[in-house]
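Peer 1:
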Amino acid sequence: MNNNIERISMPVLGMTCASCAVSVESILGAQEGVDKAEVNYATQSVKVSYHPDAIQPEALQKAVQSIGYDLILEQDGAKELQEEAQKNNYEDLKKRMIYSSVLAIPVVIIGMFFMDMPNGNYYMMALTAPILFFFGKSFFINAWKQAKNGTANMDTLVALSTGIAYVFSAFNTFNPEFWHNRGLHPHVYFEAAAVVIVFIMLGKLLEEKAKSNTSSAIKKLMGLQPKTVMLITEHGEKEIPVADVHINDQLLVRSGEKIPVDGEVYDGSSYVDESMITGEPIAVSKTAGDKVFAGTINQKGSFKFRAEKVGGETMLAQIIKLVQDAQGSKAPVQKLVDKIAGIFVPIVILIAIISLGAWLVFGGEHAFTQGLLAMVTVLVIACPCALGLATPTAIMVGIGKGAENGILIKDAEALESGYKVNAVILDKTGTITEGKPEVTHVEWANELPKDKKVLQEVLIALEQTSEHPLAEAIVRNLKNDGIKGAAVTDFESLTGKGVMAVFEGEKYWAGSHKMLTDQNVQVAAALQERVAELQQLAQTVIYFTNATQVLAIVSIADQIKAGSAKAVAALKHAGIEVYMLTGDNQQTAASVSGQVGIDHFQAEVLPSDKSDFVKKLQAQGKVVAMIGDGINDSQALAQADVSIAMGKGSDIAIDVAKITLVSSDLQQVPKALRLSKLTVRTIRQNLFWAFIYNLIGIPIAAGLLYPFNGFLLNPMIAGAAMALSSVSVVSNSLRLKFAKLI
1 MNNNIERISM PVLGMTCASC AVSVESILGA QEGVDKAEVN YATQSVKVSY
51 HPDAIQPEAL QKAVQSIGYD LILEQDGAKE LQEEAQKNNY EDLKKRMIYS
101 SVLAIPVVII GMFFMDMPNG NYYMMALTAP ILFFFGKSFF INAWKQAKNG
151 TANMDTLVAL STGIAYVFSA FNTFNPEFWH NRGLHPHVYF EAAAVVIVFI
201 MLGKLLEEKA KSNTSSAIKK LMGLQPKTVM LITEHGEKEI PVADVHINDQ
251 LLVRSGEKIP VDGEVYDGSS YVDESMITGE PIAVSKTAGD KVFAGTINQK
301 GSFKFRAEKV GGETMLAQII KLVQDAQGSK APVQKLVDKI AGIFVPIVIL
351 IAIISLGAWL VFGGEHAFTQ GLLAMVTVLV IACPCALGLA TPTAIMVGIG
401 KGAENGILIK DAEALESGYK VNAVILDKTG TITEGKPEVT HVEWANELPK
451 DKKVLQEVLI ALEQTSEHPL AEAIVRNLKN DGIKGAAVTD FESLTGKGVM
501 AVFEGEKYWA GSHKMLTDQN VQVAAALQER VAELQQLAQT VIYFTNATQV
551 LAIVSIADQI KAGSAKAVAA LKHAGIEVYM LTGDNQQTAA SVSGQVGIDH
601 FQAEVLPSDK SDFVKKLQAQ GKVVAMIGDG INDSQALAQA DVSIAMGKGS
651 DIAIDVAKIT LVSSDLQQVP KALRLSKLTV RTIRQNLFWA FIYNLIGIPI
701 AAGLLYPFNG FLLNPMIAGA AMALSSVSVV SNSLRLKFAK LI
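Numbering-wise (UniProt numbering), the sequence shown opens with residue 1 and increments by one.
If you want it as structure tokens, here you go:
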């Protein structure tokens, strides 16, 4: 066998409880050539790592089919096929439950109120038979398949409990004298067997309905993409399916339409509502050269754009995939729960047998009947569904909640670890700041040799021809004021200093203080004072001058994001230490950290220094979250306990990070950590109630209270309690949907 390993994710059909997931995982893991199999009960899917030279997916499917389940091998449209199968199963289950309920009602009425009616037992036996062996036959079929493979699941418990109750009752119906001769009344439990099946079907029905609600975030995301698009061709406009769009196709988006794929505007302008992706409520202006994204909504105006990313490459498709993968991942606590579920059913069967044995030894004159009843009740009440659903449903809803708020969580481990974070490291550029130089201030001299607008035209002309990275910020600023370039001549680039050009026979310069020294031009006292203030704020100053005086100073800075200071304050308020690391100089680092309220910072750090700093904090016992946006942050992101990338950052940073903030707003960080805390709290609540339910329910079902107060739990009530436990766990998880993250 070579080392070539392929990984495949496939939907699983037919799983009804957590131990079903364990059974599927075990059978797949036991196949030769399978490296690892991981089943997620909540998403009804399995991830398999296998050696393709030793085994193929078709063989995996046959193995799973042998124990009563199935896999969907088709990768294209697999989710749709699974949803269709689940929908059909839901409808079939609903019909079977309704028919079973109709038959069970007279059984309960006779068994509870007319137990002495002539031939009543025969009527109940006849009505109960189709409930168990026709509408509920899947329980017995699946239990048999499990038994053939030496495994057991919830269906085993249901089949054993109801089957034993029915056979015992049928025996008492046909042979009442057997008990009469021993001085006992032959009780029957047809109503218990019938109602247990109905309640379990009801529990499954509600559970399926609730589980489908946990994936509503993905369905909402999928619904953002339009089905058709207007293609611009040589012969005019043509409506085509979105699936037929290719890169570089020219597309038209009209007012009110959804944007179909990612691309770049080349004609027209409009405002686009990007809140579905970024979470920002304010529509964004789009003109030629701006990027647009699939699923966002065009508001007023129309524009044409070229497709750049289509199909699974669009930002929306990547978000959907990220959420799906994350919802299918397992939290570390879930792996423990899976192990418990795997041994749970055999232990319950053992407890049920011990209960019967204890009743036979210590039970007195009705020992066998009551022992049998106790055994049936134990088997009914001990369904592991609630235990299996406790973690994955909370994880699914938590990740969906994050997606709705622009917080994309790659795996369950990040969501589970976030609440422990007590130290946050922030990169500066692109994380705390915008990552794009902008003009912050323009100060003109008191006395100017020409009209100010003319001089502005000269300045923009100088900067338009400059190759300096800061020149673009000045050009952008002046263009926003409607300034157009003057007709300058004799342009010259002064390397490391600035630029020079001639306008109407006079030389003008734009550049650094070194350029001023070379030209021997003095700065007026008022302007010099202002320069000092700006430099104190770590802003870069560009001088605009002629041969005799400084005409204007332009300050440029990487602007601090509007929410950065609030985010830092929120983290500190939560008791989290905040650090800033940057490759920038000490003065800039000090200024930025001071403005946003960060007490600890380091300047002029290399990428490896950032990773080392993470290790240093971890060595101190801190749980560290690293937040960055660039390639230089990727090493530190990989090292951190929780890694968070900015959505507008580099692809590498986003790939490495476990959490991505789509809007690149730092205020999402406290929300993400809050979401982690709420999710973990929900998991703990779910596990507590699932364990408490079984710890209390099983002993009572076995008859623990009988010696003290004569109470023996009816199997019918046990079935109702079992169904309620699963629904309560899922419902508790769904409460996360309505939680506030601020």
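The C-beta atom is built at its ideal place from N, Cα and C for all residues, glycine as well.
Keep in mind it's a predicted model, so treat the numbers as computed, not measured.
(1) Looking at A390 and V729, is the spacing between their C-beta atoms short of 7 Å?
(2) Between which two residues does the beta strand (DSSP E) holding F601 run?
(3) Over what stretch of residues does the alpha helix (DSSP H) that includes S66 continue unbroken?
(4) When DSSP builds the beta bridges, which residues end up paired with residue 811?
(5) With a 10 Å radius around its C-beta and 16 neighbouring C-beta atoms as the bar for buried, classify R735 as buried or exposed.
(6) Which partner residues does D427 have in the DSSP bridge list?
(7) Terminal residues of the continuous beta strand (DSSP E) containing L408?
(8) Determine, using beta-carbon pairs with one atom in the segment 629-646 and one in the segment 447-464, whether at least three such pairs fall under 8 Å.
(9) For T440 and A562, I'd like the C-alpha separation in whole angstroms.
(10) Is it true that the CB of D249 sits closer than 7 Å to the CB of L231?
(11) Could you compute how far the alpha carbon of I399 sits from the alpha carbon of N732?
(12) Quick one: grab the DSSP three-state call for N446.
(13) Below 8 Å on the Cβ atoms is my guess for P437 versus A557; work out the distance and round it to an integer in Å.
(14) Quick one: give me the first and last residue of the alpha helix (DSSP H) that N480 is part of.
(15) Go ahead and pull the three-state DSSP assignment for E274.
(16) Name the DSSP beta bridge partners of D267, please?
(17) So is P11 buried or exposed if we call it buried at 16+ other beta carbons inside 10 Å?
(18) Identify whether Y419 lies in helix, strand or coil by the three-state DSSP scheme.
(19) Would you say the segment 665-674 touches the segment 685-693, given that touching needs at least three Cβ pairs under 8 Å?
(20) Looking at C-alpha atoms only, which residue of A104, V624, G163, T660 is the closest neighbour of K410?
(21) Taking C-beta to C-beta, are T431 and M646 nearer than 7 Å?
(22) Tell me the DSSP bridge mates of M10?
(23) In terms of alpha-carbon separation, which member of M201, N149, M125 lies closest to L93?
(24) Just to confirm my understanding: we take S608, look at its own chain, exclude 5 residues before and 5 after, and list those with CB closer than 7 Å. What are they?
(25) Assuming the contact rule is C-beta atoms closer than 8 Å, D155 and F139 should be a hit. Round their C-beta distance to whole Å, please.
(26) Give the C-beta separation of E308 and E264 to the nearest angstrom, bearing in mind that I take them to be a contact with Cβ-Cβ under 8 Å.
(27) I need the straight-line Cα distance from L160 to V376, nearest angstrom please.
(28) Spell out a yes or no on whether the segment 542-554 and the segment 513-524 are touching, meaning 3 or more CB-CB pairs, one atom from each, closer than 8 Å.
(29) Alpha carbon to alpha carbon, how far is G301 from S270?
(30) Whole alpha helix (DSSP H) runs in the segment 73-148 with 4 or more residues, listed along the chain?
(31) So, at 6 Å on beta carbons, what are the nonlocal neighbours of T314 in its own chain, with the 5 sequence-adjacent residues on each side left out?
(32) So, L678 versus A739, is the Cβ gap smaller than 7 Å?
(33) Give me the residue from I381, M117, T233 with the minimum Cα distance to F199.
(34) Under the DSSP definition of a beta bridge, which residues are partnered with D262?
(35) Between the beta-carbon of A63 and the beta-carbon of V48, is there less than 7 Å?
(36) Between which two residues does the beta strand (DSSP E) holding N546 run?
Peer 2: Looking at the atomic coordinates:
(1) Position 729 of the sequence shown holds residue 729. Position 390 of the sequence shown holds residue 390. Going by C-beta atoms, V729 is nearer than 7 Å to A390.
(2) Translated into the one-based positions of the sequence shown, residue 601 becomes position 601. 600-602 is the extent of the beta strand (DSSP E) around F601.
(3) Position 66 of the sequence shown, counting from 1, holds the residue named residue 66. Careful: S66 lies outside any alpha helix (DSSP H) and carries neither H nor E.
(4) There is simply no residue 811 to check, as the chain begins at 1 and stops at 742 in what is shown.
(5) One-based indexing of the sequence shown puts residue 735 at position 735. In this structure R735 is exposed. Its beta-carbon is surrounded by fewer than 16 other beta-carbon atoms within 10 angstroms.
(6) Here residue 427 is taken as the residue at index 427 of the sequence shown, counted from 1. DSSP, once it has assigned bridges, lists L581 as partnering D427.
(7) For this step, residue 408 is matched to residue 408 along the sequence shown. 407-409 is the span of the beta strand (DSSP E), which, as asked, contains L408.
(8) no
(9) Reading the sequence shown from its first residue, position 440 is the one you call residue 440. Reading the sequence shown from its first residue, position 562 is the one you call residue 562. When rounded, the distance between both Cα atoms is 14 Å.
(10) The count along the sequence shown starts at 1 and reaches residue 231 at position 231. The count along the sequence shown starts at 1 and reaches residue 249 at position 249. Their beta carbons are under 7 Å apart, which means L231 touches D249 by this criterion.
(11) Numbered from its first residue, the sequence shown carries residue 399 at position 399. Numbered from its first residue, the sequence shown carries residue 732 at position 732. Straight-line Cα distance between these residues: approximately 15 Å.
(12) Against the sequence shown, residue 446 aligns to sequence position 446. Coil at N446, not helix or strand.
(13) Reading the sequence shown from its first residue, position 437 is the one you call residue 437. Reading the sequence shown from its first residue, position 557 is the one you call residue 557. So it is a contact: roughly 7 Å between Cβ atoms.
(14) Position 480 of the sequence shown, counting from 1, holds the residue named residue 480. First-last of the alpha helix (DSSP H) with N480: 471-480.
(15) As a position in the sequence shown, residue 274 is number 274, starting the count at 1. Three-state DSSP puts E274 in coil, outside helix and strand.
(16) Position 267 of the sequence shown, counting from 1, holds the residue named residue 267. D267 pairs with K304.
(17) Numbered from its first residue, the sequence shown carries residue 11 at position 11. Burial call: buried.
(18) Within the sequence shown, numbered from 1, the residue matching residue 419 stands at position 419. Looking at Y419 - three-state DSSP - the assignment turns out to be helix.
(19) Output reads no: the segment 685-693 does not touch the segment 665-674.
(20) Within the sequence shown, numbered from 1, the residue matching residue 410 stands at position 410. Looking at the Cα atoms, T660 is the closest of the given residues.
(21) Position 431 of the sequence shown, counting from 1, holds the residue named residue 431. Position 646 of the sequence shown, counting from 1, holds the residue named residue 646. Going by C-beta atoms, T431 is nearer than 7 Å to M646.
(22) Taking the first residue of the sequence shown as position 1, residue 10 is located at position 10. Note: M10 sits in a beta bridge opposite V46.
(23) Here residue 93 refers to the residue found at position 93 when the sequence shown is read from its first residue. The residue with the shortest Cα to Cα distance from L93 is M201.
(24) As a working mapping, residue 608 is identified with position 608 in the sequence shown. Here the set comprises Q635.
(25) Position 155 of the sequence shown holds residue 155. Position 139 of the sequence shown holds residue 139. Going by Cβ atoms, the distance from D155 to F139 rounds to 5 Å, so yes, they are a contact pair.
(26) Position 308 of the sequence shown, counted from the first residue, corresponds to residue 308. Position 264 of the sequence shown, counted from the first residue, corresponds to residue 264. Indeed, because the Cβ distance is near 6 Å, the residues count as touching under 8 Å.
(27) Taking the sequence shown and counting its residues from 1, one reaches residue 160 at position 160. Taking the sequence shown and counting its residues from 1, one reaches residue 376 at position 376. Approximately 8 Å between the Cα atoms of the pair.
(28) Taking a contact to require three or more Cβ pairs closer than 8 Å, the segment 542-554 and the segment 513-524 qualify as touching.
(29) Residue 301 sits at position 301 when you count from the first residue of the sequence shown. Residue 270 sits at position 270 when you count from the first residue of the sequence shown. Computed Cα separation, rounded: 5 Å.
(30) 78-113, 120-130, 137-148
(31) Within the sequence shown, the letter at position 314 stands for residue 314. So the qualifying residues of the chain are V261, D262, A294.
(32) Start at 1 with the first residue of the sequence shown, and residue 678 comes out as number 678. Start at 1 with the first residue of the sequence shown, and residue 739 comes out as number 739. Yes, these two residues count as a Cβ contact at 7 Å.
(33) Counting from one through the sequence shown, the residue named residue 199 turns up at place 199. Taking only the C-alpha atoms, the option nearest F199 is I381.
(34) As a working mapping, residue 262 is identified with position 262 in the sequence shown. Bridge partners of D262: K309.
(35) Counting from one through the sequence shown, the residue named residue 63 turns up at place 63. Counting from one through the sequence shown, the residue named residue 48 turns up at place 48. Result no, Cβ atoms of A63 and V48 do not sit closer than 7 Å.
(36) Here residue 546 refers to the residue found at position 546 when the sequence shown is read from its first residue. For N546, the uninterrupted beta strand (DSSP E) run begins and ends at 540-546, by DSSP.
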